[in-house]
Amino acid sequence: MSQINPSRRLVAINNDAGAFTVIRLTTWAKYVEIDEDPTQNAGAKQGLQYNALDPFVQSAEIVNPPALYLVTPVTPVGTPELTFGDKIHINDLTFAPLGNPGSGGDPVGPGAGASLGTPLVQLRTNSANATNVIVTEYA
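Residue numbers (this note's numbering): 2 to 140.
Here you go:
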């Protein structure tokens, strides 16, 4: 059953000299928005440095820091800087989610460890100021 309200979480990310933070799914999301927290840095967006990740990448294969990365344009407050998936078909049952949300810290079986959600992107700010991003997942 589709959820009515999106799942939102706040994630701290490093400045442009720090390590990239990997954003993973926590729900069976079909659409994800990532935007800078407007309460940080006096409300001035910094832009984000990012690399979209292959959903089948292994954690050990995520390069930190990558040699090449993309930079988002600074968008107006309230407009997400990064999106994944298709917002139009959130409630359409014929479209698959972007990936697996993982086990939420619970073991996946007897004697097994927890599984991680599908990685979407690794990012950091495009300035010397660290900040937070708001990740909104629509299932």
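From the three backbone atoms N, C-alpha and C, an ideal C-beta is built for every residue, glycine too.
- Task: Under 7 Å Cβ to Cβ from H90, same chain only, skipping five residues before and after it: list those, please.
- Result: Short of 7 Å from the beta carbon of H90, and not among the five residues preceding or following it, lie these beta carbons of its own chain, in chain order: K31, F96.
- So Y139 is in the beta strand (DSSP E); what residue range does that whole segment cover? That run of the beta strand (DSSP E) goes 132-139.
- Item | Per-residue DSSP class, three states only, for G44 | Here G44 sits in helix by DSSP.
- Classify I89 as helix, strand or coil using the three-state DSSP reduction. Secondary structure at I89: helix, using DSSP grouped into helix, strand and coil.
- Compute the beta-carbon to beta-carbon distance between R10 and T27, rounded to the nearest angstrom, for a pair I have assumed lies under 8 Å. Under the criterion of beta carbons closer than 8 Å, R10 and T27 qualify as touching, at roughly 7 Å.
- Message: Contact defined as beta carbons within less than 8 Å: I believe V134 pairs with V12. What is the distance between those atoms, to the nearest angstrom?
- Response: With 8 Å as the limit, V134 and V12 qualify as a contact, their Cβ atoms being about 5 Å apart.
- How is L11 classed by DSSP in three states: helix, strand or coil? Judged by DSSP in its simplified three-state form, L11 adopts strand.
- Query: Which stretch, first to last residue, makes up the beta strand (DSSP E) that contains I35?
  - Reply: In this chain, the beta strand (DSSP E) harbouring I35 covers 32-37.
- Per DSSP, cross-strand counterpart(s) of L117: Its beta-bridge partners do not exist; DSSP assigns none.
- DSSP on D84, reduced to helix/strand/coil? For the sequence presented, residue 84 should be read as Thr rather than Asp. Correct three-state label for T84: strand.
- Task: Confirm, please, whether the CB-CB distance from G86 to V33 is below 7 Å.
- Result: The beta carbons of V33 and G86 sit closer together than 7 Å.
- Message: Is the beta carbon of I14 closer than 7 Å to that of V136?
- Response: In this structure, I14 does not lie closer than 7 Å to V136 by Cβ.
- Does the beta-carbon distance from R125 to Q50 come in below 7 Å? It is a contact, given that the beta carbons lie within the stated cut-off.
- Query: Hey, out of A20, G44, Q47, A53, whose CA is closest to L99's CA?
  - Reply: Comparing Cα positions, the closest option is A53.
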